[in-house]
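Per the working numbering, residue 6 is the first one in the sequence shown, and the count goes up by one each step.
For glycine and all other residues, C-beta sits at the position ideal for the given N, C-alpha and C.
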Amino acid sequence: MRGKPVSATGMKQRFPDEIQAVWCGAMLAFHYDHLTLALPPGHRFPQSKYQMLRARMEADPGAVRLRVASPASREQLLLAHTPDYVDAVLHGTLSAAAQREIGFPWAEGLPRRSLFSVGATIDAARAALKEGVAASLAGGTHHAYADKGSGFCVFNDVAVAARLMQAEHHRAQSAQSTHAVPAALRVLVIDLDVHQGNGTASIFADDPSVFTLSLHGEKNFPFRKEASDLDIGLPDACGDQVYLEALEDALHQVWLRMADHPPGLVFYLAGADAHEGDRLGRLKLSAEALDRRDRMVLDALAARRIPAALSMAGGYGEDLAVTVDIQQRTLTTAATSWAMWNGGRN
Ligand SMILES: [Zn+2]
């Protein structure tokens with residue numbers, strides 16, 4: 006399957022050139038891997054996977070349009086982060102302990118890369134609200150809290166983007182609506198990275214306008230979990246059937262609990278680190294199960310006409326090419342969902 010986009014039905018997807026020329030529509034996916042971090046030799050953060058994924062998508066884009074992301078601004082970061090923390094990152098004054106908790110030493114390129122990481126998710130969210138589905142080729146930095154980073158996460162891209170989309174929605178509604186109080190944009194975070202979305206849960210703990218769902222390895226990092234609106238902790242070595250049944254049940258619960266005010270936007274963290282070949286995941290999901298997982302989520306959202314912004318989130322394969330295979334399948338499935346939103350031409 007490597008290098009070949011695969012549709013929800015397992016068939017290879019390609020557009021004949023003449024159709025591509027007439028209809029160049031495809032799902033937008035944002036990247037920023039031209040910015041790299043100077044990490045010490047042997048550092049376990051697999052930075053090269055971002056360039057590998059982009060190269061794979063460039064070689065065989067299927068129905069995905071690649072775009073360089075735009076950077077987030079300091080003001081946008083303040084929607085979810087404290088000024089002291091934002092400025093410490095931007096100005097290079099993080100304490101040694103704060104840098105250790107993030108897992109990256111502060112370096113010249115760190116602020117800029119961190120701004121683009123959030124910006125890619127903002128770009129994906131805006132595109133999703135227009136076109137139904139869009140993606141960031143990175144993102145999903147869900148361990149970042151309002152006032153600190155953690156676990157390779159500097160800023161919480163989804164938290165900033167969720168708050169910004171709500172603010173932009175509010176402004177647009179206020180300008181158009183004759184109602185005194187426009188309805189808020191409700192956001193749902195579906196976090197299927199294998200690690201709990203502790204930072205996201207903390208940021209939105211007292212915010213009923215954002216519903217947080219996290220399915221994760223119960224014994225895995227972070228060892229001190231935060232309370233999401235719905236947490237499903239899975240045992241080590243959890244396999245396909247248990248996982249997919251837990252996801253189906255969790256989504257059912259989400260729709261029931263959000264029935265009175267359904268989401269107008271979903272952030273989907275499609276982590277590849279629940280795969281059996283992952284160094285950090287501790288679960289035993291097959292690539293096929295991860296594909297079914299993606300389809301279960303995206304089909305449910307498409308059926309309800311809820312826009313979805315995807316982040317690739319974690320993935321630390323023993324063989325990074327396998328991680329990239331999984332992410333490419335996720336993007337291909339998302340592009341199929343995009344095509345259904347936009348006329349069912351895929
Ligand atoms: Zn993870």
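Among residues of its own chain, excluding the 5 on either side of residue i, which ones have a beta-carbon nearer than 6 Å to its beta-carbon?
| i | result |
| --- | --- |
| A189 | S214 |
| M345 | A307 |
| G348 | none |
| L58 | L142, V329, Q332 |
| Q56 | D38 |
Among the options, whose alpha-carbon lies nearest the alpha-carbon of residue i?
| i | options | result |
| --- | --- | --- |
| A251 | S119, A294, P88 | A294 |
| I331 | D278, L270, P46 | D278 |
| F209 | R176, R297, H148 | H148 |
| T338 | R49, P66, S179 | P66 |
| V302 | G276, Y321, E323 | G276 |
| R287 | D265, C243, V259, I311 | C243 |
| K224 | P240, R49, K153, E231 | P240 |
| H36 | L193, A292, A125, I237 | A125 |
| H200 | E173, E63, T98, G319 | G319 |
| L249 | D299, A264, A206, K230 | D299 |
| G108 | Y55, L42, Q81 | L42 |
| P116 | V159, S291, A167 | V159 |
| G114 | V94, R105, M170, A102 | V94 |
| V192 | A140, H280, I311, S100 | I311 |
DSSP three-state label for residue i, please.
| i | result |
| --- | --- |
| M32 | strand |
| D152 | coil |
| A206 | helix |
| I311 | coil |
| H257 | helix |
| Y273 | strand |
| L193 | strand |
| Q332 | helix |
| V247 | helix |
| T338 | helix |
| R49 | coil |
| D128 | helix |
| S119 | helix |
Any heavy atom of ligand 1 closer than 7 Å to the Cβ of residue i?
| i | result |
| --- | --- |
| V192 | no |
| H39 | no |
| L302 | It is Val, not Leu, that sits at residue 302 in the sequence shown. No, since every heavy atom of ligand 1 falls outside the 7 Å radius drawn around the Cβ of V302. |
| D198 | yes |
| A318 | yes |
| G276 | yes |
Mind checking which residues open and close the beta strand (DSSP E) that includes residue i?
| i | result |
| --- | --- |
| D296 | Careful: D296 lies outside any beta strand (DSSP E), inside the alpha helix (DSSP H) at 292-308. |
| G238 | 235-239 |
| V355 | Because residue 355 is not part of the residues shown, which for the chain are 6 to 351, the question remains open. |
| H221 | 215-222 |
| R72 | 69-73 |
Excluding the 5 residues flanking residue i on each side, which residues of the same chain have their C-beta closer than 7 Å to its C-beta?
| i | result |
| --- | --- |
| A313 | A133, V138, V271, Y273, L303, L306 |
| A77 | L120, V123, G124, I127, V165 |
| S75 | G124, D128 |
| A255 | L218, L220, L235, I237 |
Over the uninterrupted alpha helix (DSSP H) stretch that includes residue i, give me the two end residues.
| i | result |
| --- | --- |
| S53 | 53-64 |
| V165 | 162-181 |
| L95 | 88-96 |
Whose C-beta lies closer than 8 Å to the C-beta of residue i among residues of the same chain, with five residues either side of it excluded?
| i | result |
| --- | --- |
| S53 | L325 |
| V1 | The structure shown does not extend to residue 1, since the chain is modelled only from 6 through 351, so no value can be given for it. |
Can you find a C-beta in chain C that's less than 8 Å from the C-beta of residue i?
| i | result |
| --- | --- |
| L99 | The chain labelled as chain C is not found in the depicted structure, where only one protein chain is given. |
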